[in-house]
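Have a look at the structure below before the remarks.
Residue numbers (this note's numbering): 39 to 509.
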């Protein structure tokens, strides 16, 4: 924005100055001080304002509309939220999921190192690649290793926001390779047993052809195919910020994801890729709905990818005029999850997720899951990921009130929002994923005072597994 204003003013200044100087020379006019101020300052400035005013008014109007939409969405959510205080305990709904892999990457570090960085109050660093309106470096949460991954693109001048996001996605796909390969193996075995058409496709797939095998060997393999749990599809849910809705190149990212999964041996017929463009006001609500749908897909495996990056000068130029001290960040998180009945061959789930919906009383959820008495309550290590802003006094009071009847203390809280600067569209999803990184011996809880009627618990094992899964 600032570049456009300066460029427009300088261009008009040069044009007006040139015309005035030549006119004065030809007419032999002797200008005074007032003439200089008028023709070399006021007139160029006035023309610039006249030309730029439609764009500035449009920007202001769009910003105002976005604020109104956010307020309307917030009000709509409050109206749609059921009065959980009056509901009986039997009305509480539960989401139950298995987690087979989980990974997070941000400027704070990778996986569980993010948790330690949050405890150490990791702060943004001066970024020499990004500048403010005055040409000075700004603070940012940049992931340095991503610069190495897109070095080739930088040489071609294509290191944009999208290329950074694609590099982050590639990183997470590689982190989940081992689990995805096992999923590919299960998909193949399931197709061989349940679907003759897909079985033939798998037999022709390069990843499953043994060049040293003889025809007789292949016939024997067909006869000894064993029954496995039916697995129909590999779902990939790519979650990005809503401001990428009309910008993101879905065709390219779909092709890269399909190529990667195809190399692991998953055929295109069993790959389903869905895109989700979420904003800060509705992201968590949309996320919970997505997890509900995953629970109902008992014959599918889902790879969840959540990514965002504001590490791009064009983004900074757009944001800095509204927020002068804008601090950009970038992050990515992923997990492979299934409904509770689905068990992938040769894989053991590393964590389980239990989400209580329509239950505002945290103590009731702890009692239902038999988590009321745990040794970790006596320790000071944090295990509650709070996705709200710790600077909001009202939010802190709500936390104190909502946890007052539980054995959980304030020193058990770990605030995730502040570690992402102003890149907040998907901050709650990132906070949720961080809960999957807590040590195996601890039960994690994900909480937001804004969604007090929803509690998320993550652990390796839950004693009470007779919870009604109906959603």
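C-beta atoms are modelled at their ideal positions from N, C-alpha and C, and glycine is treated no differently.
Spatial neighbours of residue 205 in its own chain (CB-CB distance under 6 Å, excluding positions within 5 residues in sequence) are listed in chain order as 184, 187, 188.
For residue 314, the uninterrupted beta strand (DSSP E) segment begins and ends at 309-316. If you draw a straight line from the Cα of residue 159 to the Cα of residue 431, it comes to about 19 Å.
By the Cβ rule, the stretch 340-354 counts as touching the stretch 367-386, because three or more pairs are nearer than 8 Å.
Cβ-Cβ separation between residue 138 and residue 385: approximately 5 Å, consistent with a contact (criterion under 8 Å).
Residue 174 and residue 295 have their C-alpha atoms roughly 38 Å apart. By DSSP's assignment, residue 429 forms no beta bridge with any residue. The three-state secondary structure of residue 275, taken from DSSP, is strand.
In terms of CA proximity to residue 455, 144 leads the group 144, 102, 112.
In this model, residue 102 and residue 392 are separated by some 39 Å (Cα to Cα).
Boundaries for residue 380: no beta strand (DSSP E) harbours it, and the DSSP string shows neither H nor E there. Residue 306 and residue 277 have their C-alpha atoms spaced approximately 21 Å apart. Around the beta carbon of residue 84, a 10 Å sphere encloses fewer than 16 other beta carbons of the protein chains shown; the residue is thus reported as exposed. Straight-line spacing of the CA atoms in residue 226 and residue 388 works out to 23 Å. In the three-state reduction of the DSSP assignment, residue 185 falls in the helix class. Cα atoms of residue 420 and residue 154: separation of roughly 10 Å, rounded to the nearest angstrom. For the stretch 349-409, the continuous alpha helix (DSSP H) assignments of 4+ residues that do not extend past its boundaries occur at 351-357, 400-406, in sequence order. Of all alpha-carbon atoms in 333, 411, 410, the one lying nearest the alpha-carbon of residue 378 is that of 333. Take residue 480, set aside five residues on each side of it, and the residues of its chain with a beta-carbon closer than 6 Å to its own are 414, 421, in chain order.
For residue 227, the uninterrupted alpha helix (DSSP H) segment begins and ends at 215-232. Contact check for residue 463 against residue 365 fails: the beta carbons are separated by 7 Å or more.
Put simply, of 424, 282, 323, 425 the residue whose alpha carbon is nearest the alpha carbon of residue 200 is 282.
The beta carbons of residue 403 and residue 265 sit no closer together than 7 Å. Contact between residue 268 and residue 232 holds, since their C-beta atoms are separated by about 5 Å, short of 8 Å. Just so you know, the alpha carbons of residue 47 and residue 60 end up roughly 20 Å apart. The three-state secondary structure of residue 137, taken from DSSP, is strand.
Put simply, the backbone Cα of residue 54 is about 7 Å away from that of residue 78. With a cutoff of 7 Å on beta-carbon distance, residue 471 and residue 142 are scored as near each other.
Inter-residue distance for residue 288 and residue 336 is about 27 Å (C-alpha atoms, whole angstroms). Under the DSSP definition of a beta bridge, residue 340 partners with 273, 375. Ranked by Cα distance from residue 177, the options 329, 496, 110, 363 are led by 363.
Here the C-alpha atom of residue 344 lies approximately 24 Å from the C-alpha atom of residue 355.
Going by DSSP, residue 73 is part of the alpha helix (DSSP H) stretching over 71-75. In this chain, residue 172 is not harboured by any beta strand (DSSP E), its DSSP state being neither H nor E. The Cβ atoms of residue 424 and residue 451 lie closer than 7 Å to each other. Ranked by Cα distance from residue 327, the options 87, 131, 41 are led by 131.
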